[in-house]
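Protein chains in written order, with our numbering: chain A, 1 to 137; chain B, 1001 to 1280.
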């Protein structure tokens, strides 16, 4: 039997060493399954209307954790990602709000929308210091 | 015999589609990008490809958390634009090329690439934005499209080398298709960007420019690049660049760079665009 070329444990462990980043691993995909499926439901116009009318009631139709529901109600995208949400699924939520990817990404950085847009105009966030927690680079 | 004559890499970000659909292409923010794409628009009018193999990733539109194909191929007669939360983009329905698509699917499977065959699928900005960028506003798309969605969202995504080898298999498949077709392959997505977490907004110009250079002249380095390097250097969504290796693998050894464009920012991303000719 041949040995796999990549050690899965090392492969996954390295993802935890990236500052300010949650890689969408199988573990996160499992945790966020219903949160992400709820987001998918917002691709239908009638569901968006029902959600907008009473967000809490719509969320209560889904077997999501309370923390997931709170993250949605607060539009706290960092919290939603911590609860297993994926940005492309969460995009259905901020699109329902009429918000852009740039808006949503900006809210996760602690910067104002204007500050974030300005940073992008100036060439974006430098990778310097954002590569590795352990190696401090 | 069908031939892959050229490859294109392009961003597919939704904000470009929105700028296009809302008539903002001449706004100062977007103008440099749309101005540059005028080159490829006139080039492609001369080239008149019959079909595009369009490598892209679905952004939780056709595939939810229930089905996550690593490599899929759209074999349907047509593909409708998806409603991604703000209504479908006002662009024509995408016409497929079922004969070519099924031929590629069968050939790749016999070549040990176990493609997922899709007969009904909506297509999102990942596929329709590049079409708008290359063909502009049209009543119907002037080409048939074979969509090749790749999972670059749920880890592990395919390795760069696996993507390259799939590209080679696609080339062999196209070359055994009996009809005389001019086929292009497009690799979309990228370049460096991160859409999530406190590190959102990451852009790495040095990495991107080296990637573009090596895609043309030294693809061996890129074939061996591990996922962690994309993640550290190009941001969590920069991993989309592995799809460019499918395009490059399908072009063969001898490529000629016809056009290049690099621009920061397009919303959250660095935009990279290459037009490569495949020489026999």
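Ideal Cβ placement from N, Cα and C applies to all residues, glycine included. These numbers come from a predicted model, not from an experiment.
| query | result |
| --- | --- |
| Where residue 102(A) meets chain B, residues with beta-carbon distance less than 8 Å | 1015, 1267 and 1268 |
| Secondary structure of residue 1231(B), DSSP reduced to three states | helix |
| Residue range of the alpha helix (DSSP H) that includes residue 37(A) | 33 to 41 |
| Residue 1134(B) versus residue 1013(B): straight-line alpha-carbon distance, rounded | 14 Å |
| Limits of the beta strand (DSSP E) - the one that residue 1261(B) falls within | 1255 to 1266 |
| Straight-line gap, residue 77(A) to residue 92(A) (C-alpha atoms, nearest Å) | 12 Å |
| Chain B contact residues for residue 92(A), given Cβ-Cβ distances below 8 Å | 1060, 1084 and 1085 |
| Span separating the alpha-carbon of residue 1175(B) from that of residue 1098(B) | 16 Å |
| Within-8 Å CB hit, residue 1028(B) to chain A | no |
| Neighbouring residues, chain B, relative to residue 62(A) (Cβ below 9 Å) | In chain order: nothing, as chain B lies at least about 13 Å away. |
| Cβ shell of residue 1161(B) (< 6 Å), same chain only, five flanking positions each side left out | 1223 |
| Residue range of the unbroken alpha helix (DSSP H) whose run includes residue 118(A) | 113 to 121 |
| Contact between the stretch 1026 to 1043 of chain B and the stretch 1058 to 1067 of chain B (3+ Cβ pairs under 8 Å) | no |
| Chain B contacts made by the stretch 63 to 86 of chain A, where a contact means CB separation under 7 Å | 78, 81 and 86 |
| Limits of the unbroken beta strand (DSSP E) element including residue 1056(B) | 1051 to 1056 |
| Start-to-end residues for the alpha helix (DSSP H) that takes in residue 96(A) | 87 to 96 |
| Chain-order list of residues whose beta-carbon lies under 7 Å from that of residue 1030(B) (same chain, five-residue window excluded) | 1019 and 1024 |
| Selection of the stretch 1142 to 1165 of chain B by Cβ proximity to chain A, strictly under 9 Å | 1153, 1154, 1155, 1156 and 1159 |
| CA-to-CA distance, residue 1249(B) to residue 1009(B), given in whole angstroms | 13 Å |
| Where residue 1164(B) sits in the DSSP three-state scheme | helix |
| Contiguous alpha helix (DSSP H) assignments of at least 4 residues, all confined to the stretch 1130 to 1200 of chain B | 1160 to 1175 |
| Contact the stretch 2 to 12 of chain A vs the stretch 54 to 62 of chain A: 3+ CB pairs below 8 Å | no |
| Chain-ordered neighbours of residue 29(A) on chain B, where CB pairs are closer than 7 Å | 1065 and 1154 |
| Assumed close pair residue 1246(B), residue 1145(B) - CB separation to whole angstroms, cut-off 8 Å | Actually they do not touch by this definition, with Cβ atoms about 15 Å apart. |
| Proximal residues, the stretch 1087 to 1099 of chain B versus chain A, C-beta separation under 7 Å | none |
| 9 Å Cβ cut-off: residues of chain B touching residue 58(A) | Ordered by position in chain B, no residue passes the 9 Å Cβ test against residue 58(A), which lies about 15 Å from the chain. |
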